[in-house]
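Reviewing the structure listed below.
In my numbering, the protein residues as written are 69 to 411.
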């Protein structure tokens, strides 16, 4: 994973700086992950006090940030780590095969810890709870999950919204489309960028010619940070803005163009992925999510873009940053047919 640089996270010239917010303490739990590291960096750049919480208290790469160690499933330790916070950020991402076991415990612990501190809780979420859709997903799209992971995501969000409705704490949820970018391991991350960089065929799961709005991890982290810095983020759910429609084929072509390699794209359908799943447990669990890439996968982030003045990073720039991170000398070069999904 590429560390966050000492300067604020790299942004295109069209992106506005983070919105200045309260000077109280902001606590990022799961600060060692691809999203959490960047949330820490954006908050620090906004001039607020930040505490980065990881299991081992490691340095997450942003100078001037306090580090703390806590197991996110340990309510007592987490409550101590969140003491004094005005906002707590839930950026914890359990191992994919242990989601059912760990995610509910961690989320409940974060609700308890944030409520004890009198803090708002901001949750870094995805769109799996929406299930099969026929058009762009908005914040008002009904939740109709068709996968066990989507059911779990819906259940977690419902827990958070119920805690907010009961008056225990304020909750904001940021939802992103399929992630890509430095440090991200997802369906499109290794399959597209790692393969393009090494001149290997790009393995695309689903239909590569359907509309797609992938989310750069830095845009996701910035939206999460902005929700915690705003006093006016009253709506509970916000979608992360994107620069417009693309397709899997176009994204792969841009990655190959910048990598100086020839595009060779191999398409894999639902049945092929399930066949591989007989031998690879991680693929077997993730096969239920292939439907996302067999339908238009568009996330409408216009509400947050309008409310907060967010300008998403163009895909060309996002691809450049992703390839640069993969080229870093301390980064192991590997192509992932199916890595741990999400962040």
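Each residue gets a CB set at the ideal place from its N, CA and C atoms; glycine is no exception. Bear in mind the structure is a predicted one, so any value in this text is a computation, not a measurement.
The beta strand (DSSP E) that contains residue i, what's its start and end?
{"i": "residue 187", "result": "Taken as a continuous stretch (DSSP letters only), residue 187 belongs to no beta strand (DSSP E), as it is neither H nor E."}
{"i": "residue 137", "result": "134-137"}
{"i": "residue 332", "result": "Where residue 332 is concerned, there is no enclosing beta strand (DSSP E), given that its DSSP letter is neither H nor E."}
{"i": "residue 154", "result": "153-158"}
Return the first residue and the last residue of the alpha helix (DSSP H) that residue i is part of.
{"i": "residue 212", "result": "From DSSP, residue 212 is part of no alpha helix (DSSP H); its letter is neither H nor E."}
{"i": "residue 143", "result": "143-149"}
Per the DSSP calculation, residue i is bridged to which residue(s)?
{"i": "residue 46", "result": "Look at the range of the chain in this structure, 69 to 411, and you will see that residue 46 is not part of it."}
{"i": "residue 383", "result": "DSSP output for residue 383 lists no bridge partner at all."}
{"i": "residue 305", "result": "241"}
{"i": "residue 205", "result": "367"}
Let me confirm a value: residue i is counted as buried when at least 16 other C-beta atoms fall within 10 Å, else exposed. Which label applies?
{"i": "residue 266", "result": "exposed"}
{"i": "residue 195", "result": "buried"}
{"i": "residue 124", "result": "exposed"}
{"i": "residue 122", "result": "buried"}
{"i": "residue 148", "result": "exposed"}
{"i": "residue 210", "result": "exposed"}
{"i": "residue 291", "result": "buried"}
{"i": "residue 187", "result": "buried"}
{"i": "residue 334", "result": "exposed"}
{"i": "residue 380", "result": "buried"}
{"i": "residue 203", "result": "exposed"}
{"i": "residue 212", "result": "exposed"}
{"i": "residue 281", "result": "buried"}
{"i": "residue 311", "result": "buried"}
{"i": "residue 127", "result": "exposed"}
{"i": "residue 132", "result": "exposed"}
{"i": "residue 235", "result": "exposed"}
{"i": "residue 346", "result": "At residue 346 the pLDDT is 47, less than 50, meaning the model places this residue with poor confidence and gives no usable figure here."}
{"i": "residue 368", "result": "buried"}
{"i": "residue 120", "result": "buried"}
{"i": "residue 283", "result": "buried"}
{"i": "residue 200", "result": "exposed"}
Could you give the DSSP three-state label for residue i: helix, strand or coil?
{"i": "residue 123", "result": "coil"}
{"i": "residue 367", "result": "strand"}
{"i": "residue 197", "result": "helix"}
{"i": "residue 314", "result": "strand"}
{"i": "residue 396", "result": "coil"}
{"i": "residue 360", "result": "helix"}
{"i": "residue 170", "result": "helix"}
{"i": "residue 128", "result": "coil"}
{"i": "residue 225", "result": "helix"}
{"i": "residue 373", "result": "helix"}
{"i": "residue 99", "result": "coil"}
{"i": "residue 165", "result": "helix"}
{"i": "residue 177", "result": "helix"}
{"i": "residue 140", "result": "coil"}
{"i": "residue 378", "result": "coil"}
Is there at least one Cβ from chain C nearer than 9 Å to residue i's Cβ?
{"i": "residue 97", "result": "Protein chain content of the structure displayed is limited to a single chain, and chain C is not contained in it."}
Exercise. Would you list, in sequence order, the uninterrupted alpha helix (DSSP H) runs of no fewer than 4 residues that lie entirely inside the segment 231-296?
Key: 263-266
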